[in-house]
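3 is the number of the first residue of the sequence shown in this note's numbering; add one for each residue after it.
This report concerns only the one structure given below.
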Amino acid sequence: MFPPNLLFPTAIFAAFWLLSGCVSAPRAPAEAGFFVRGKIGVVEGGDSWSARFVWRQSGESFEIDLWGPLGQGQTRLRGTPQQLEVINADGGVRTFGSLEALMLAELGWSLPLGLLIDWLQGRPSPQAPMADAIRNREGSLKEFQQLGWQVRFERAKKAPADAPPGRITAQRPGYRVRVAVWERGA
Numbered sequence: 003m004f005p006p007n008l009l010f011p012t013a014i015f016a017a018f019w020l021l022s023g024c025v026s027a028p029r030a031p032a033e034a035g036f037f038v039r040g041k042i043g044v045v046e047g048g049d050s051w052s053a054r055f056v057w058r059q060s061g062e063s064f065e066i067d068l069w070g071p072l073g074q075g076q077t078r079l080r081g082t083p084q085q086l087e088v089i090n091a092d093g094g095v096r097t098f099g100s101l102e103a104l105m106l107a108e109l110g111w112s113l114p115l116g117l118l119i120d121w122l123q124g125r126p127s128p129q130a131p132m133a134d135a136i137r138n139r140e141g142s143l144k145e146f147q148q149l150g151w152q153v154r155f156e157r158a159k160k161a162p163a164d165a166p167p168g169r170i171t172a173q174r175p176g177y178r179v180r181v182a183v184w185e186r187g188a
């Protein structure tokens, strides 16, 4: 069974997706969808967790599968910006009013899920202010701050300037989250 504290990476990943900031980059149309496979690592104080994940997005609805080494403790996060379900390996479902309340109750921590959906696509969220933007030589966004998170995008060396990042690092006092994207699709 997947220990409750390993749900932290999942919630972090989802948290980044749902929150966002005011920028000139438009949000993808609601009917758009995508698929992302990778690994997430979270450091909180002296504790750390990691999990592999598959994220499927369809409009505002998402489904994120997380699992530990050797496929242990699969957990699924399913929801929208307004509601989150946490489904454990035994099929137990937890649902509360807000995303943050559910994460806090089930995982012991909470993150802004709304940001990650945009960060995975290489842009800050248009739902919250962005500050301190740094761009690379090609003009692609490399670093910025949003809702208290310092975010860094890393793209493959030979990737086009507008390619989504292959690695995202987001940190704030006491937390560091790293997401490595191995595969993307529509």
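We treat Cβ as the ideally placed atom computed from N, Cα and C, and that holds for glycine.
If you look at D120, you'll find it isn't in any beta strand (DSSP E); it sits in the alpha helix (DSSP H) that goes 118-121.
Per DSSP, E62 is not a residue of any beta strand (DSSP E), being assigned neither H nor E. Taking the Cα positions, K41 is about 6 Å away from A53. Per the Cβ contact rule, the region 145-164 is not in contact with the region 86-95 (fewer than 3 Cβ pairs under 8 Å). Closest by C-alpha distance to T171, out of P126, R137, E140, A182, is A182.
P167 sits close to E156, with the two beta carbons spaced by under 8 Å. Around the beta carbon of F64, 16 or more other beta carbons sit within 10 angstroms, so the residue counts as buried. In the DSSP annotation of this structure, D164 is not part of any beta strand (DSSP E), being labelled neither H nor E. The beta-carbon separation of F146 and P126, rounded to 6 Å, stays under the 8 Å limit for a contact. Measuring C-alpha to C-alpha distances from Y177 to each of G35, W51, R58, A34 identifies W51 as the nearest.
Under the DSSP definition of a beta bridge, Q148 partners with M132, W151. A158 sits in coil when the DSSP states are folded into three classes, being neither helix nor strand.
Here Q84 is exposed, its C-beta having fewer than 16 other C-beta atoms within 10 Å.
In this structure V179 touches V44 by the C-beta definition: roughly 5 Å separates them, less than 8 Å.
The C-beta separation of G81 from L101 comes to about 7 Å, placing the pair in contact by the 8 Å criterion.
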